[in-house]
């Protein structure tokens, strides 16, 4: 299996509901350094998994729509805890939609893994298939 | 698949038996920077894989029992080479026991990967299922 | 010159006032991974610059008072932009006060450098002397 | 599953053919920091996946044959784009040949993953089985 | 002293003349991950050392003029070895010219340090004053 | 000022005497990832600060004499605590002796900084002049 990984980041504010979150129940924020690994079985005619430039653009478009915001005010997340795990899934879902919409070309990306690093000692990810 | 990864470290002395180890047959030591990735299929009601605070505490408890020691003197490892691979398995087994004992809540962690970084150019890991 | 460096982190929300900040004028947040380098000319009788355990505790106390908060609501920062540079200075000032108050022992720390990493591509620091 | 990972690097020049590569169609170059993860189900009698010293030597031999060269002039790559993905596969194939040739001992390495980091924001890999 | 650091990168081909360079006398290439630290004594009215966005743009403009090229063909470097140290100075000189030309605003940047990381085990830098 | 930085590592066992060291009073060990920054005002005729190959060899010779050993048994350190700070100075002194002995050529290295990273959250360094 081949893969290509690109990196971006976003800066958000949010709060989390539930005793398990302790001090993180208060409004605070985080930088998420985001790695996305795109995987496919064979390379295309150019010898690539995906155009790194377009993959980075797609990632930055997804991250740009979340960055510099207070996620508590985003109707898309109403009633949900925007944990690192949950946000990894949000980025995953939006990238999968972009791939299915042809934004990365007529490629055959089979699966992607989205990893959010929230500090030097903690991260979360979502890994899944692109096909419906 | 969702995952959460937390990081800790330990400082140990040991020696290794066998010609393959060359100079590492002498008593020496290492820092192991330890990453543990906890995986599960679905998030819990709070939107998490596992409570990062409790996961870090469990990891630090396991690492604390090994750190600042000469592993050659540990009866648990008698007759065994405490290689990086072997120690990855030891940390894995002890964390699995903690998870099965309910230390991380009634969660549904399916598998974990324990990675020990012994320098900027070498690491080892053990990856396996939590269920018995 | 000898130095010892320890690392911690904090997660905060804030907004910045001024056209120069573009989208960062909205409420958002950041993880700051914080490195503090303590410097002195000679080692003490134990052979150290500073007790790493106590240095880490002092740093975590300073970071704990800032973390998991919306800095826009902190009276200490009223009328100020809590930029990365500014926060590096805040951490510096509070650590210097702790050192002068004897929290790190009767040591002779001469200067410290506080670096805040806000992402994989941006950081800020304040470097200055401890003596009044 | 156990794994051991070792790191090396190579410095090469090359150009890429195809509009998708934009400015990378011109002759340029790259540093590839290369991680190879060796995996097997059980440890050998010494308690290891593979001798880290020999694994590093094998990796350096493969990288040494590629490093400090203009890959456009290498007959082995004639008519091919030496993309990061493609080079990950080249390193993979040559390491698999070395393993099958007994260079890493009579071990039971089952699969390897070769990752090439071309910058702080982009990487590619090939992951596959060692057996024929 | 305050500082702000931003990161970029470039991918170049070149060869080096002189026995000291061994295999690097052949045409090869490198990725340089480039950190630039901007320093000044006091923050401006907005509370910053320099606008990170503009600093990153200036850096990317300088790196863009070097990236995806064979530096052996650049008339600006005729008769010179484009070592990592030398290139650190080139980036320094061009950024200083941009600062003096007002590209980063009417700021009071006193000195900058340009660091080029050529692999995980080697780097070079040039550190100097901005004023003429 | 120009600089070149190279990286190596060593694996040692030791114990530390003094209440301040807490659990580190027991025999344990550490990996030290070692960065050495060589600085000089002007480049030599080849355009370099120092030959990276020879610098790495010199560093590895110094680290090789310390690695895979129990430093408690080294007569050179009798009655001394081999703290990270102290070891940074030992590596510094030995490299300075090598430079003065001509091992790095007839160069004009003015100062060096030796940094020992003992984990992802702690490091120590010694920075000083090469001239007598």
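Residue numbers (this note's numbering), protein chains in the order written: chain A, 30 to 161; chain B, 30 to 161; chain C, 30 to 161; chain D, 30 to 161; chain E, 30 to 161; chain F, 30 to 161.
Cβ atoms here follow ideal geometry from the backbone N, Cα and C, with glycine treated the same way.
Query raised in the report: Closer than 7 Å, Cβ to any Cβ of chain C: which residues of the segment 40 to 66 of chain F, in chain order?
Result: Against chain C - using a Cβ distance shorter than 7 Å - the residues of the segment 40 to 66 of chain F are 47, 49, 51.
Query raised in the report: Do residue 70 of chain B and residue 140 of chain B have their C-beta atoms within less than 7 Å of each other?
Result: Start at 1 with the first residue of the second chain, and residue 70 of chain B comes out as number 41. Start at 1 with the first residue of the second chain, and residue 140 of chain B comes out as number 111. In this structure, residue 70 of chain B keeps its C-beta atom at 7 Å or more from the C-beta atom of residue 140 of chain B.
Report task. Flag residue 140 of chain A as yes if its beta-carbon sits less than 7 Å from any beta-carbon of chain C, otherwise no. Result -> Along the first chain, read from residue 1 onward, the residue named residue 140 of chain A stands at position 111. Not one chain C Cβ lies under 7 Å of residue 140 of chain A.
Report task. Could you please tell me which residues of the segment 91 to 110 of chain E, in chain order, have their CB closer than 8 Å to any CB of chain D? Result -> For the segment 91 to 110 of chain E, the beta-carbon criterion of a distance under 8 Å to any beta-carbon of chain D is satisfied by 96, 97, 98, 99.
Requested in this report: Can you tell me the Cβ-Cβ gap for residue 59 of chain E and residue 40 of chain D, rounded? I've got them flagged as a contact below 8 Å.
Outcome: Taking the fifth chain and counting its residues from 1, one reaches residue 59 of chain E at position 30. Taking the fourth chain and counting its residues from 1, one reaches residue 40 of chain D at position 11. That pair is a contact at about 5 Å.
Report task. Could you tell me whether any Cβ in chain D is nearer than 7 Å to the Cβ of residue 159 of chain A? Result -> Mapped onto the first chain, residue 159 of chain A falls at position 130. Answer no: the Cβ-Cβ gap between residue 159 of chain A and chain D never drops below 7 Å.
Query - Candidates F:84, F:77, F:80, F:119: closest to residue 94 of chain F by CA position - result: Mapped onto the sixth chain, residue 94 of chain F falls at position 65. Comparing C-alpha distances from residue 94 of chain F to each of F:84, F:77, F:80, F:119 shows the shortest one belongs to F:119.
Query - Reduced DSSP category for residue 46 of chain E - H, G, I as helix; E, B as strand; rest coil - result: What you label residue 46 of chain E is simply residue 17 of the fifth chain in a count that begins at 1. In this structure, residue 46 of chain E counts as coil in the three-state DSSP scheme.
Requested in this report: Please list the partners that residue 122 of chain E has in chain F, where partner means a Cβ-to-Cβ separation under 7 Å.
Outcome: Numbered from its first residue, the fifth chain carries residue 122 of chain E at position 93. What residue 122 of chain E touches in chain F: nothing, since even the nearest Cβ is about 13 Å away.
Query raised in the report: How should residue 37 of chain F be labelled, buried or exposed, when 16 other C-beta atoms within 10 angstroms of its C-beta is the threshold for buried?
Result: Position 8 of the sixth chain, counted from the start, is the residue given in the question as residue 37 of chain F. Looking at its Cβ environment, which holds 16 or more other Cβ atoms inside 10 Å, residue 37 of chain F is buried.
Requested in this report: Below 8 Å on the Cβ atoms is my guess for residue 78 of chain E versus residue 114 of chain C; work out the distance and round it to an integer in Å.
Outcome: Mapped onto the fifth chain, residue 78 of chain E falls at position 49. Mapped onto the third chain, residue 114 of chain C falls at position 85. Yes, residue 78 of chain E and residue 114 of chain C are in contact; Cβ-Cβ is about 5 Å, under 8 Å.
Query raised in the report: When we look at the beta-carbon of residue 147 of chain E and count the other beta-carbons within 10 Å, is it buried (16 or more) or exposed?
Result: As a position in the fifth chain, residue 147 of chain E is number 118, starting the count at 1. Counting the other Cβ atoms within 10 Å of the Cβ of residue 147 of chain E gives 16 or more, which makes it buried.
Report task. Measure the alpha-carbon distance for residue 156 of chain B versus residue 121 of chain B and round it to whole angstroms. Result -> Counted from its first residue, the second chain places residue 156 of chain B at position 127. Counted from its first residue, the second chain places residue 121 of chain B at position 92. Residue 156 of chain B and residue 121 of chain B have their C-alpha atoms roughly 8 Å apart.
Requested in this report: Entirely within the segment 41 to 85 of chain A and at least 3 residues each: give me those beta strand (DSSP E) ranges in chain order.
Outcome: Taking only runs of at least 3 residues, the beta strand (DSSP E) segments lying wholly in the segment 41 to 85 of chain A are 57 to 69.
Query - Every unbroken beta strand (DSSP E) within the segment 114 to 140 of chain C, with a cutoff of 3 residues, ordered by chain - result: None, since the segment 114 to 140 of chain C contains no complete beta strand (DSSP E) of that length.
Query raised in the report: Nearest chain B C-beta to residue 144 of chain F closer than 7 Å, yes or no?
Result: As a working note, residue 144 of chain F is residue 115 in the sixth chain. No - not a single Cβ of chain B is within 7 Å of the one on residue 144 of chain F.
Query - is_contact[residue 148 of chain A, chain C] using C-beta, thresh 7 Å - result: Walking along the first chain from the start, residue 148 of chain A turns up at place 119. Yes, residue 148 of chain A counts as interfacial toward chain C.
Report task. Within its chain, find whatever has a CB closer than 8 Å to the CB of residue 28 of chain F; leave out the 5 residues flanking it on each side and keep chain order. Result -> With chain F covering 30 to 161 only, the question about residue 28 of chain F has no answer from this structure.
Query - Selection from C:129, C:46, C:83 that minimises the alpha carbon distance to residue 34 of chain C - result: Here residue 34 of chain C refers to the residue found at position 5 when the third chain is read from its first residue. Ranking C:129, C:46, C:83 by Cα distance to residue 34 of chain C puts C:83 first.
Query raised in the report: How would you write the range of the beta strand (DSSP E) that residue 152 of chain C sits in, first residue to last?
Result: Reading the third chain from its first residue, position 123 is the one you call residue 152 of chain C. Under the DSSP assignment, residue 152 of chain C falls in the beta strand (DSSP E) whose first and last residues are 151 to 158.
Query raised in the report: For residue 87 of chain E, does the three-state DSSP call read helix, strand or coil?
Result: Working through the fifth chain from its first residue, we reach residue 87 of chain E at position 58. DSSP, reduced to helix, strand and coil, places residue 87 of chain E within a helical segment of the structure shown.
**Report entry** Cβ pair residue 75 of chain B, residue 47 of chain A closer than 7 Å
**Finding:** Taking the second chain and counting its residues from 1, the one referred to as residue 75 of chain B is at position 46. Taking the first chain and counting its residues from 1, the one referred to as residue 47 of chain A is at position 18. Cβ atoms of residue 75 of chain B and residue 47 of chain A: closer than 7 Å.
Report task. Within 10 angstroms of the Cβ of residue 98 of chain C, are there 16 or more other Cβ atoms? Answer buried if so, exposed if not. Result -> The residue labelled residue 98 of chain C in the question sits at position 69 within the third chain. Label assigned to residue 98 of chain C: buried.
Query raised in the report: How big is the Cα-Cα spacing for residue 30 of chain C and residue 65 of chain C?
Result: Along the third chain, one-based indexing puts residue 30 of chain C at 1. Along the third chain, one-based indexing puts residue 65 of chain C at 36. Between residue 30 of chain C and residue 65 of chain C, the C-alpha separation is close to 15 Å.
Query raised in the report: Which of helix, strand or coil does DSSP assign to residue 108 of chain F?
Result: Position 79 of the sixth chain, counting from 1, holds the residue named residue 108 of chain F. Collapsing the DSSP output to three states places residue 108 of chain F in coil.
Query raised in the report: Are residue 137 of chain D and residue 87 of chain D touching if we call contact CB-CB under 7 Å?
Result: Stepping through the fourth chain from its first residue, residue 137 of chain D is reached at position 108. Stepping through the fourth chain from its first residue, residue 87 of chain D is reached at position 58. No, these two residues do not count as a Cβ contact at 7 Å.
Query raised in the report: Any idea which residues DSSP pairs residue 148 of chain E with across the strands?
Result: In the fifth chain, the residue the question calls residue 148 of chain E occupies position 119. Paired residues: E:151.
Report task. Tell me, please, whether the CB atom of residue 153 of chain A is closer than 7 Å to any CB atom in chain B? Result -> For the purposes of this step, residue 153 of chain A is identified with residue 124 of the first chain, where counting begins at 1. Residue contact with chain B for residue 153 of chain A: present (Cβ-Cβ distance below 7 Å to some residue of chain B).
**Report entry** 7 Å Cβ cutoff met for residue 166 of chain D and residue 56 of chain E
**Finding:** Absent from the model: residue 166 of chain D. The displayed extent of chain D is 30 to 161, so no value can be given.
**Report entry** Cβ neighbours of residue 96 of chain D in the same chain (closer than 7 Å, five flanking residues each side left out)
**Finding:** Against the fourth chain, residue 96 of chain D aligns to sequence position 67. Answer for residue 96 of chain D: 39, 40, 41, listed in chain order.
Query raised in the report: Comparing the C-beta of residue 10 of chain C with each C-beta of chain F, is any distance below 7 Å?
Result: One cannot answer for residue 10 of chain C here, as it falls past the ends of chain C, which runs 30 to 161.
Query raised in the report: Where residue 50 of chain B and residue 131 of chain A are concerned, what is the direct C-alpha to C-alpha distance, given to the nearest angstrom?
Result: In the second chain, counting from the first residue as 1, residue 50 of chain B sits at position 21. In the first chain, counting from the first residue as 1, residue 131 of chain A sits at position 102. CA-to-CA, the gap between residue 50 of chain B and residue 131 of chain A works out to about 52 Å.
Query raised in the report: Candidates F:116, F:125, F:129: which alpha carbon is nearest residue 153 of chain F's?
Result: Translated into the one-based positions of the sixth chain, residue 153 of chain F becomes position 124. Answer by Cα proximity: F:116.
Requested in this report: Step through the CB atoms of chain F and report whether any lies within less than 7 Å of the CB of residue 129 of chain C.
Outcome: In the third chain, residue 129 of chain C corresponds to position 100, counting from 1. Output row for residue 129 of chain C: interface = no.
Query - Beta-carbon proximity of residue 91 of chain E to residue 145 of chain E, cut-off 7 Å - result: For the purposes of this step, residue 91 of chain E is taken as residue 62 along the fifth chain, with counting starting at 1. For the purposes of this step, residue 145 of chain E is taken as residue 116 along the fifth chain, with counting starting at 1. Not a contact, by the Cβ cut-off of 7 Å.
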